[in-house]
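Heads up, the thing below is written out as structure tokens.
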Amino acid sequence: MRTYSGHSSAAASNELYRTNLAQGQTGLSIAFDLPTQTGYDPDHVLATGEVGKVGVPVTHLGDMRILLDGIPPGEMNTSMTINATAAWLLALYVANADEQNVATEDLRGTTQNDILKEYLSRGTFIFPPQPSRRIIVDMIAWCAVNAPKWNPVNICSYHLQEVGATPVQEIAFSLANAIDILDAVKSSGQVTDEQFPQVFSSIRFLSTLESGSSKRSARCARSLISGSE
-18 MRTYSGHSSA
-8 AASNELYRTN
2 LAQGQTGLSI
12 AFDLPTQTGY
22 DPDHVLATGE
32 VGKVGVPVTH
42 LGDMRILLDG
52 IPPGEMNTSM
62 TINATAAWLL
72 ALYVANADEQ
82 NVATEDLRGT
92 TQNDILKEYL
102 SRGTFIFPPQ
112 PSRRIIVDMI
122 AWCAVNAPKW
132 NPVNICSYHL
142 QEVGATPVQE
152 IAFSLANAID
162 ILDAVKSSGQ
172 VTDEQFPQVF
182 SSIRFLSTLE
192 SGSSKRSARC
202 ARSLISGSE
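Per my numbering, residue -18 is the first one in the sequence shown, and the count goes up by one each step.
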């Protein structure tokens, strides 16, 4: 159980996380501000008025150290809702753990890293679609070898419904994204046939269940996913 949260600064967020963990929260779910999501420094003109507004600002390893101070990375399951800059945020997370002599293969958590979804809904992409997909693939391949307990991609469909997709469209486009990513991983040659089932099982889905049609679509999606394993 964990609360999706990020405060106005790394220090304020750390205080919040430690308070929640002391009260029984079992993991972290980090919300980042828009400049962090889109790769802008906090002093950039396009970051004006957005720093620390909808999540925590993280601009370098020092911020990550402060954010996770006193929180043992080897004992934590951390979800980072981040897409375009997911590889960079994971690198900071790994570096912080490495400084504490925590092996990368012991890290547990999830990065959303569903950059293709950003073109269909939120718009917080940085690069064109194909380079963005390459970043996703490279990150999946790296995790398969170096961080097998980490889920490198969380296919997030509910953002599509929030911009007008029907429950059926929500699931259809999300599955299309997942299939495209898995095909790209296979064709990249970075993952062996023996590692591919691990890659498949490491991809997570996040969807809405607000109505009967949403629930039926989710059940259909689960059947399709199970049938393709």
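Think of the CB as a built atom: it goes at the ideal place given N, C-alpha and C, for glycine as much as any other residue.
I'd like the list of long-range same chain contacts for residue i, defined as Cβ closer than 6 Å, with 5 residues on each side in sequence excluded.
i: Ser169; result: Val118
i: Gly55; result: Val83 and Asp87
i: Arg114; result: Ala165
i: Leu42; result: Leu73 and Ala76
i: Ala(-7); result: none
i: Leu97; result: Asn158
Residue range of the beta strand (DSSP E) that residue i falls in?
i: Asn77; result: That residue, Asn77, is in no beta strand (DSSP E); its alpha helix (DSSP H) goes Ala67 to Glu80.
i: Thr59; result: Asn58 to Thr62
If you reduce the DSSP assignment to three classes, tell me which class residue i lands in.
i: Gly43; result: helix
i: Ala3; result: helix
i: Tyr213; result: Since the first residue of the chain shown is -18 and the last is 210, residue 213 is not available in this structure.
i: Ala146; result: coil
i: Ser192; result: Residue confidence is low: Ser192 scores 46 on pLDDT, short of 50, so the model does not pin down where it sits. Its coordinate-derived value is still stated next. Residue state, collapsed to three classes: coil.
i: Val37; result: strand
i: Ser10; result: strand
i: Pro178; result: helix
i: Ile52; result: coil
i: Tyr100; result: helix
i: Pro16; result: helix
i: Ile152; result: helix
i: Ile162; result: helix
i: Thr29; result: coil
i: Thr173; result: coil
i: Thr85; result: helix
Determine the extent of the alpha helix (DSSP H) in which residue i is found, giving its start and end residues.
i: Met120; result: Pro110 to Asn127
Determine which residues share a DSSP beta bridge with residue i and list them.
i: Gly90; result: Thr59 and Trp131
i: Ser(-14); result: Ile11
Can you list, in chain order, the residues of its chain whose CB lies under 7 Å from that of residue i, leaving out five sequence neighbours each side?
i: Thr19; result: Ala65, Thr105 and Ile107
i: Gln6; result: Met(-18), Arg(-17) and Thr(-16)
i: Arg46; result: Asn77
i: Glu31; result: Asp14, Leu15 and Pro16
i: Pro110; result: Leu97 and Tyr100
Apart from the five residues just before and just after residue i, which ones in its own chain have a Cβ nearer than 8 Å to its Cβ?
i: Ser216; result: The shown model of the chain, from -18 to 210, leaves out residue 216, and the question about it has no answer.
i: Ile248; result: No answer is possible for residue 248: it lies beyond the span of the chain, which begins at -18 and ends at 210.
Would you call the region 21 to 30 in contact with the region 56 to 75, where contact means no fewer than 3 C-beta pairs closer than 8 Å? no
Given 8 Å as the limit, is there contact between the region 32 to 51 and the region -15 to -6, that is, 3 or more CB pairs closer than that? Cβ pair count under 8 Å is three or more, so yes.
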